[in-house]
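Line order of the protein sequences matches chains G and X. Residues in the first sequence are numbered consecutively from 1, following this note's numbering. Residues in the second sequence are numbered consecutively from 1, following this note's numbering.
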Amino acid sequence: MTERNTRLMRHVPDEELHPYLDQALSRSQCVEIETHMAECARCSDRRDANAALRDRTTALLAHLTPRSLIIPPPYASLEARRIGMPSFSRWQRSARRAAIWAAGVAAAIGTGWTGRSILDPRVAQPPAETLAATAPIVTAIPLATMAPAAEFTPAPEEIAVPRPNTRDVGLRPASTRRVQAEIMPAPVVRFISSVLPTRVDRNLDETPVAGTVSRSPYAHIWRSVQWEEALQIAGSGLPFIEGMPVVGVLLQPGGPGERPMVIVAQQDASGEVIQSIEGPVAKVTDLLQRQSMPDVRSSTLSRTPPDYIDDRGTVRRNNRMMAVTGRLTTDSLNALAKLATIR
Amino acid sequence: MDDLERLYTTHYAAVVRFLYRKIWDADRAEDLAQEVFIRAMAHRPEKPRAWIFAVAANLARDEARAAIRRKKHLTLLKDDPVPLSTPDPSADETVERDERWAQVNGALAALTERDRDVLLLWDGGLSYPEIAAQTGLAVGAVGTTLARARKRLIEAYDRTEYTADAARS
Chain G
1 MTERNTRLMR HVPDEELHPY LDQALSRSQC VEIETHMAEC ARCSDRRDAN
51 AALRDRTTAL LAHLTPRSLI IPPPYASLEA RRIGMPSFSR WQRSARRAAI
101 WAAGVAAAIG TGWTGRSILD PRVAQPPAET LAATAPIVTA IPLATMAPAA
151 EFTPAPEEIA VPRPNTRDVG LRPASTRRVQ AEIMPAPVVR FISSVLPTRV
201 DRNLDETPVA GTVSRSPYAH IWRSVQWEEA LQIAGSGLPF IEGMPVVGVL
251 LQPGGPGERP MVIVAQQDAS GEVIQSIEGP VAKVTDLLQR QSMPDVRSST
301 LSRTPPDYID DRGTVRRNNR MMAVTGRLTT DSLNALAKLA TIR
Chain X
1 MDDLERLYTT HYAAVVRFLY RKIWDADRAE DLAQEVFIRA MAHRPEKPRA
51 WIFAVAANLA RDEARAAIRR KKHLTLLKDD PVPLSTPDPS ADETVERDER
101 WAQVNGALAA LTERDRDVLL LWDGGLSYPE IAAQTGLAVG AVGTTLARAR
151 KRLIEAYDRT EYTADAARS
């Protein structure tokens, strides 16, 4: 048998066929394979089948692209960003880590000390005036009093302290979404009140939603609270869009064993306020239907998971809902709703 | 124009796509892609193409971990949305595109991590030796792994499409 015949008889193994199709073989190897395929129908069929598979994969993956045209920003802008980046030497990084660690330890000790001073009855309590001055202000705001926006100006202390974005904004100018606008306290309540009903709904008071029977006379009252207090009351139930500062939290206490209804107002980079509403399905739907501002829209509503367990230890049926509302387009609100999590 | 600048021009989109398919956030993918090239400027790696994809993979992994930390409290269930407003005129196209996107995404998620990595690196334009260096595979095994990944992707996609067609009819 001649050398040529031997080469022709040996079918192309998979280990060579795939790199051949992906042009990962040397020129001489390619020539050898092509010579064989010219004579071998079986291998040429395999080649065609694998090539079709490769092309179809490429076509499918093309669907998973963020946008049809991706244009790189000017290379010079990257250079400028690189020069602006802080460069730490190894010892500086170590010192920074050590400082962070020390600060953590100090904070832990401080927390323990404070906790002890609060819990230990032997520690003298400060005078009542001092407590009043330092306690977080929680103002009960009935729905009716919130309606005229211009008349209600919240005290600066009432605005929930936004969670600072710890990322270095200066390092990321490409994404305008991450540029934090200055937080303006004034529009908070005005915008929220545009979503809230402008009158007290008697049905809501007199006919409680199934499963949300409340024994508290204040269960239907909306309150403006600090983020931390809202977290404390709602457990882990605050709707939150990552990357946007929180400018206000409104809370309506729920029935016994139930999470309250919550509205979290956040401000986007353009200054627009977006409200994320989370609560029982009937209440959220009702609230959205009764809002009267024509330019305030809502995202598609999302169901949230079962949020509590009843007395028998059974997880309650999924009966809560979340919506993101604001003066943006529905598409934008839907996109924001996708980013939302429940804190 | 130096080598890195040329690479930036030719491969920026590929890096963005590679990151997007790992973290599913278009803006963040662009941010991270730029961060990759900024790091490349500082390091001046010998094999820049393989290097940028390796760094991109690491950044995507960090990002995914951070995302899990952020979302571990509670995840919204999107299975039962309640439409509030009337759909837009172009809603059909959007729905179709979103459906296709979800099917391909689901098919990609059905692959093993190694298969997925090899497939995405290949789609990003890396050579067999570069893929081998990044994934720890032998160069000779890249081709078969890639072929297997392609086959599984197509099978998974066809399965979801068949299910979707059945549901529609």
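Every residue gets a Cβ at the ideal spot worked out from N, C-alpha and C, and that includes glycine.
Partners in chain G for TRP51 of chain X, counting only beta-carbon separations shorter than 7 Å: Chain-ordered listing is empty here: chain G has no CB closer than 7 Å to the CB of TRP51 of chain X, the nearest sitting near 16 Å.
Three-state secondary structure (DSSP) of SER224 of chain G: Correct three-state label for SER224 of chain G: strand.
Member of G:ALA62, G:ASP55 and G:GLN23 whose CA lies at the smallest distance from the CA of PHE18 of chain X: When the alpha-carbon of PHE18 of chain X is set against those of G:ALA62, G:ASP55 and G:GLN23, the nearest one is in G:ALA62.
DSSP-derived helix/strand/coil call for GLU278 of chain G: In the three-state reduction of the DSSP assignment, GLU278 of chain G falls in the strand class, which pools E and B.
Of the residues X:ALA64, X:ARG6, X:ASP98 and X:ALA67, the one placed nearest PRO66 of chain G, counting alpha carbons only: The residue with the shortest Cα to Cα distance from PRO66 of chain G is X:ASP98.
Helix, strand or coil at THR329 of chain G according to DSSP, with G and I counted as helix: Per DSSP, reduced to three states, the secondary structure at THR329 of chain G is coil, with no helix or strand assignment.
DSSP-derived helix/strand/coil call for ILE70 of chain G: Coil, per DSSP.
Which of helix, strand or coil DSSP assigns to PRO260 of chain G: DSSP places PRO260 of chain G outside both helix and strand once states are collapsed to three, so it counts as coil.
Complete runs of the alpha helix (DSSP H) confined to the segment 81-167 of chain X [at least 4 residues]: You should have 91-109, 113-123 and 128-135.
Extent of the continuous beta strand (DSSP E) to which LEU17 of chain G belongs: No beta strand (DSSP E) contains LEU17 of chain G, which is instead part of the alpha helix (DSSP H) from 14-21.
Exposure label - GLN23 of chain G; buried when at least 16 CB within 10 Å: With fewer than 16 Cβ atoms within 10 Å of its Cβ, GLN23 of chain G is classed as exposed.
Exposure of HIS43 of chain X, with buried meaning 16 or more beta-carbon neighbours within 10 Å: Answer is exposed; the Cβ neighbour count stays below 16.
Within-8 Å CB hit, LEU59 of chain X to chain G: Taking a beta-carbon distance threshold of 8 Å, LEU59 of chain X does not count as an interface residue toward chain G.
Residues near ALA64 of chain X by beta carbon distance below 8 Å, same chain, minus five either side: Non-local beta-carbon contacts of ALA64 of chain X in its own chain, meaning distances under 8 Å to residues more than five positions away in sequence, involve LYS22 and ILE23 in chain order.
Cross-strand partners of ILE23 of chain X (DSSP beta bridge): Note: ILE23 of chain X sits in no beta bridge, so no partner.
Alpha-carbon spacing of ARG348 of chain G relative to CYS43 of chain G, whole angstroms: Only positions 1 to 343 of chain G appear in this structure, which leaves residue 348 of chain G out of reach.
Contact under 8 Å by Cβ, LEU153 of chain X with LEU120 of chain X: The Cβ-Cβ distance between LEU153 of chain X and LEU120 of chain X does not fall below 8 Å.
Listed by chain order, chain G residues near TYR157 of chain X by CB distance under 8 Å: Chain G residues near TYR157 of chain X: LEU60.
Between the CA atoms of TRP222 of chain G and ALA56 of chain X - distance to the nearest angstrom: Approximately 46 Å, taken between the alpha carbons.
Spatial neighbours of PRO260 of chain G in its chain, beta-carbon cut-off 8 Å, leaving aside the 5 residues before and after: Result list for PRO260 of chain G: ILE233, ALA234, GLY237, LEU251, GLN252, PRO253, GLY254 and GLY279, in chain order.
Test item: CB-CB of GLY143 of chain X and TYR128 of chain X under 8 Å: Taking 8 Å as the Cβ cut-off, GLY143 of chain X and TYR128 of chain X qualify as a contacting pair.
CA-to-CA distance, GLY124 of chain X to GLU32 of chain G, given in whole angstroms: A direct Cα-to-Cα measurement between GLU32 of chain G and GLY124 of chain X gives close to 28 Å.
Alpha carbon of ALA102 of chain G to alpha carbon of ARG96 of chain G, nearest angstrom: About 10 Å.
For VAL247 of chain G, three-class secondary structure by DSSP: In the displayed model, VAL247 of chain G falls within a strand according to three-state DSSP.
Secondary structure of SER44 of chain G, DSSP reduced to three states: Helix.
ASN334 of chain G versus ARG61 of chain X - alpha carbon distance: Going by the C-alpha atoms only, they are around 26 Å apart.
Residues that TYR12 of chain X contacts on chain G, provided the C-beta gap is smaller than 9 Å: Per Cβ cutoff of 9 Å: ILE70, ILE71, PRO72 and PRO73.
Simplified DSSP assignment, three categories, for PRO239 of chain G: Three-state result, PRO239 of chain G: strand.
PRO66 of chain G at chain X interface by Cβ criterion, 8 Å: Interface residue (Cβ-Cβ distance to chain X less than 8 Å): PRO66 of chain G is classified as such.
Cα-Cα separation, THR94 of chain X to THR57 of chain G: Taking the straight line joining both Cα atoms gives about 22 Å.
Spatially closest choice to GLU15 of chain G from G:PRO245, G:ALA106, G:ASN50 and G:GLU242, by CA coordinates: A check of alpha carbon separations from GLU15 of chain G across G:PRO245, G:ALA106, G:ASN50 and G:GLU242 identifies G:ASN50 as the nearest.
Rounded straight-line distance, which links the Cα of LEU288 of chain G to that of ARG116 of chain X: Rounded to whole angstroms, ARG116 of chain X and LEU288 of chain G show a C-alpha spacing of 43 Å.
VAL31 of chain G - containing alpha helix (DSSP H), residue span: VAL31 of chain G -> alpha helix (DSSP H) spans 27-39.
Contact with chain X by ASP286 of chain G, beta-carbon distance below 8 Å: No, no contact with chain X.
Residue-level contact to chain G via CB, ALA167 of chain X, 8 Å cutoff: Not an interface residue.
Burial state of ALA337 of chain G, where buried means 16 or more other Cβ atoms lie within 10 Å: Result: buried.
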